[in-house]
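Okay, so here's the structure we're looking at.
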Amino acid sequence: MSIASQHKILDACCGSRMFWFDRNHKDTLYMDNRELEDTLCDGRKLVVSPDLKADFTDMPFSDESFYLVVFDPPHLVRAGDKSWLAKKYGKLNETWQDDLSKGFSECMRVLKENGTLIFKWNEEQVSLKEVLKCFDREPLFGNKRSKTHWLVFMKS
Ligand SMILES: C[S@@+](CC[C@H](N)C(=O)[O-])C[C@H]1O[C@@H](n2cnc3c(N)ncnc32)[C@H](O)[C@@H]1O
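Quick note, the sequence shown lines up with residues 8 to 163 if you use this note's numbering.
Set out below in structure tokens:
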């Protein structure tokens, strides 16, 4: 049995799972391309420990594997590599438009037909308008007025 077939939900870049109420939700596969343990400047522990270490631009899953995918990629282009922000959220590469475009396509590919994709984005450095240019479809709805957006897409 493949790892994907044991899970209904994919968190494609889980980081330290901060936004989860249950950080070990039984139906969820937690993926990230980093594994690390560190201490932030305020003394808090940072643990990134995905179930699977993999790249969201090239996911190791068959088409139509998950009912729900959540995509919360790094949102920072400028941050010191050793800064707590980069440690906590990761950092975008110079090729970020292409990377996010591939990541979005991969999320849609591994989503089952009629499945839901939740995309999270913070506009601190890059506007939502710029990011949405990387995607080939429009969100259905989301919290438009906030600086941190949660947008809903459906594969249909
Ligand atoms: C904004 S953080 C996620 C925060 C997370 N949602 C939480 O609640 O803590 C973005 C994460 O994307 C990961 N990441 C960056 N590039 C990636 C890639 N190509 N594939 C998978 N994960 C990636 C980073 O390591 C980082 O942990």
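Here a beta-carbon is modelled for each residue, glycine too, at the ideal position from N, C-alpha and C.
Determine the DSSP secondary structure at Gly149, reduced to helix, strand or coil.
In the structure shown, Gly149 sits in a strand (DSSP, three-state: E or B).
Could you tell me if Pro67 is buried or exposed, where buried requires 16 or more neighbouring beta carbons within 10 angstroms of its beta carbon?
Result: exposed.
Taking only the alpha-carbon atoms, compute the straight-line gap between Ser90 and Asn40 and give it to the nearest angstrom.
Taking the straight line joining both Cα atoms gives about 18 Å.
Quick check: does the Cβ of Asp29 come within less than 6 Å of any heavy atom belonging to ligand 1?
Incorrect: Asp29 has no Cβ contact closer than 6 Å to ligand 1.
Could you tell me how far apart the beta carbons of Leu83 and Lys98 are, in whole angstroms, since I believe they sit closer than 8 Å?
That pair is a contact at about 5 Å.
Do the stretch 18 to 28 and the stretch 70 to 88 meet, that is, are 3 or more Cβ pairs less than 8 Å apart?
Contact holds: three or more Cβ-Cβ distances are below 8 Å.
Roughly how many angstroms separate the alpha carbons of Trp103 and Cys141, rounded to a whole number?
Going by the C-alpha atoms only, they are around 9 Å apart.
Report all residues from its chain with a CB closer than 6 Å to the CB of His32; omit the five preceding and five following residues, and keep chain order.
Within the same chain, His32 has no close Cβ partners at all.
Between Phe63 and ligand 1, is there a pair consisting of the residue's CB and a ligand heavy atom that are separated by less than 6 Å?
The answer is yes for Phe63.
Please go through the stretch 22 to 72 and give each complete beta strand (DSSP E) segment of 3 or more residues, from N-terminal end onward.
Those beta strand (DSSP E) runs which fall completely within the stretch 22 to 72 and span 3+ residues are 35 to 39, 43 to 46 and 52 to 55.
Hey, would you say Lys52 sits closer than 7 Å to Leu118, going by beta carbons?
Contact flag unset, no.
Taking the beta carbon of Val133 as the centre, do at least 16 other beta carbons fall within 10 Å, making it buried, or is it exposed?
Burial call: buried.
Bridge partners of Phe160, per DSSP?
Note: Phe160 sits in a beta bridge opposite Leu124.
With distances taken Cα to Cα, identify the nearest neighbour of Ser153 among Glu130, Val159 and Arg144.
When each option's Cα is compared against that of Ser153, the closest is Glu130.
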